[in-house]
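In what follows, a single structure is set out as structure tokens and then discussed.
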């Protein structure tokens with residue numbers, strides 16, 4: 012079986028690669044969850060204190076409510092944007108040079124032949140560490156393929172737009188990874 016596809020690397024793919032890299036990163040997910048939940052709890056405490064001081068004569072607790080509101084804002088910002096902001100800088104530095112490049116793929120059960128302009132690169136399936144997909148693309152992350160200074164993985168994006176072999180490619184990725192897991196368990 013041979014599957015062919017062509018993908019133009021676009022700027023918005025950088026964020027998608029970053030998200031795809033975090034799909035199975037439990038530490039990343041836990042940090043986001045803890046920061047966001049802590050922010051929501053502080054926000055609820057702040058609203059509760061404001062509500063209680065509205066119906067009482069004592070305004071001494073309003074300053075505490077403002078402190079909780081400020082903590083809420085900081086935690087929610089860190090959980091929703093802060094963690095991703097630093098990562099996005101790293102991913103942008105790694106992948107911004109790819110914007111506008113058209114990659115042509117010839118995919119077989121043994122390897123992926125990538126053609127960029129006049130250069131060809133062979134990616135053996137053994138070098139693919141993990142794969143995932145979203146509604147727009149498939150993401151193939153390579154083993155040991157991170158920048159030495161930064162923990163940004165090398166990822167090949169295979170777009171789904173006009174990709175008639177997407178179902179076959181999904182099945183091939185699943186089968187290759189299942190065989191590899193089976194080989195590791197022996």
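Numbering (my numbering), first residue to last: 12 to 197. Where a beta carbon is used, it is the ideal one built from N, C-alpha and C, also for glycine. All values derive from a computational prediction rather than experimental measurement.
- Residue 90 sits close to residue 47, with the two beta carbons spaced by under 9 Å.
- Note that the segment 13-27 touches the segment 169-181; at least 3 beta-carbon pairs, one per stretch, sit closer than 8 Å.
- Around the C-beta of residue 151, 16 or more other C-beta atoms lie within 10 Å, and the residue is accordingly described as buried.
- Separation of residue 183 and residue 165 (C-alpha to C-alpha, rounded to the nearest whole angstrom) is 20 Å.
- With contacts defined by Cβ atoms closer than 9 Å, residue 33 and residue 138 do not form a contacting pair.
- Remark: C-beta atoms of residue 31 and residue 57 do not approach each other more closely than 9 Å.
- Within the segment 22-105, the runs of alpha helix (DSSP H) at least 4 residues long that lie entirely inside it are, in chain order, 23-32, 37-65 and 73-88.
- In this structure, residue 110 and residue 26 do not form a Cβ contact; the two beta carbons are roughly 12 Å apart against a cut-off of 8 Å.
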